[in-house]
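This report concerns only the one structure given below.
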Amino acid sequence: PSSRRPPLVRQHGASTVLFVTTLTVIRCEHSRQQQFFAARDRCSPPRLLAACRNAETRGSARARRSMMRFALLASAAGRASGLGRRRGLAMANPTAQFKTSQGEFKVELFMDKLPVTCSNFKDLATTGFYDGLTFHRVIKGFMCQFGCPNSANAQSPVAGTGGPPGNTEFSLPDGSTVARDGGGNIPDELVAEISNEPMTISMANTGAPNSGGSQFFLNTVHNSFLDYFDERTPSKHPVFGKVVEGMDVVKAIEGVKTDARDKPVEAVRVESVTIVE
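Taking my numbering, the leading residue of the sequence shown gets 67, the next gets one more, and so forth.
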């Protein structure tokens, strides 16, 4: 699939780092020692701190120091765990619901890995750019290509050559903006080694650097030769999402009858693409 023909995308997932602290509790001779350790297992850090302060008037110095160390470390671990959970929620990926003449399918967008590519797609989808376009190139045992504005006319001889308006902008999740060049193209985002496996969605381009725009393709088999990290070919097509529902619809699109130009004889039209976050 260049826009022409398809390349792949590498994705680097966000990493969650767990700091595991091994706590060694000093054996204490104090008669209330067992009560402290029972409390440790059932209390939150604030209650542990209160228990330790209460121990000031009771147990041995060694017991007090041991309990205070545990409470402080547990409090720090709790904050780190809470931060990880919040980041996990923040990194939840959006989905794109495709409503087509063949049925519906849903794609998870790898926004956490390829924010530029996914934000470009999201911007085009939310502004209605894709509504009413058709799959202009379908090859069974390979892929289904979509996203050219010229494909609104399913029989157009220039379907497969178009892209978004030039010199336009779109926003990233962090609030910054990216500008498309004069031809409507975006920068290549070759950052995550995600292979062009079956049911992944990948950017189409002309084969030249930074030539992707609005066109993409759905892999129906494992097209690893399109991976940008595969040295067998010069193809560089970044994968930026994967079909998570409606695989049967994608297979139905792949199976439609096509002409000598790989165009579906009966147009497969996308009525709408809805982004859900």
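Just so it is clear, CB atoms sit at the ideal spot from N, CA and C, and this is done for glycine as well.
Close-in-space but distant-in-sequence residues of the same chain around E174 (CB under 7 Å, 5 per side omitted): N159, T161, G307, K308, V310
Under the three-state DSSP convention, the category T243 falls into: strand
Start and end residues, alpha helix (DSSP H) containing M313: 313-320
Check whether N251 and G279 have beta carbons under 7 Å apart: yes
Boundaries of the alpha helix (DSSP H) in which T192 is found, first to last residue: 181-192
Residues bridged to C210 [DSSP beta-bridge criterion]: V204, L284
CA-to-CA distance, T183 to D240, given in whole angstroms: 14 Å
Counted within 10 angstroms of its Cβ, other Cβ atoms place H202 as buried (16 or more) or exposed: buried
Assumed close pair V305, S268 - CB separation to whole angstroms, cut-off 8 Å: 5 Å
Residues near P300 by beta carbon distance below 8 Å, same chain, minus five either side: G273
Backbone secondary structure at P330 - three-state DSSP: strand
Cβ pair S290, S261 closer than 7 Å: yes
C-alpha distance - I205 paired with A333, whole-angstrom precision: 14 Å
E235, buried or exposed, once every other Cβ within 10 Å from all chains shown has been counted against 16: exposed
Residues bridged to A162 [DSSP beta-bridge criterion]: V173, I341
Expected contact under 8 Å - CB spacing of A318 and Q168 to nearest Å: 5 Å
F195 - DSSP class collapsed to helix/strand/coil: coil
Start and end residues, beta strand (DSSP E) containing S268: 266-269
Three-state secondary structure assigned by DSSP to S167: coil
V316 and F164 closer than 7 Å at C-beta: no
Local conformation of S277 per DSSP, three classes: coil
Whole-angstrom C-beta distance between E263 and N285, which should lie under 8 Å: 6 Å
Assigned exposure category for A137 - 16 Cβ within 10 Å defines buried: Because the pLDDT of A137 is 43, which lies under 50, any placement of that residue in the model is unreliable, and the number read from its coordinates should be weighed accordingly. By the neighbour-count rule (16 or more Cβ atoms within 10 Å), A137 is buried.
Start-to-end residues for the beta strand (DSSP E) that takes in E61: Since the first residue shown for the chain is 67 and the last is 343, residue 61 is missing from the structure and cannot be characterised.
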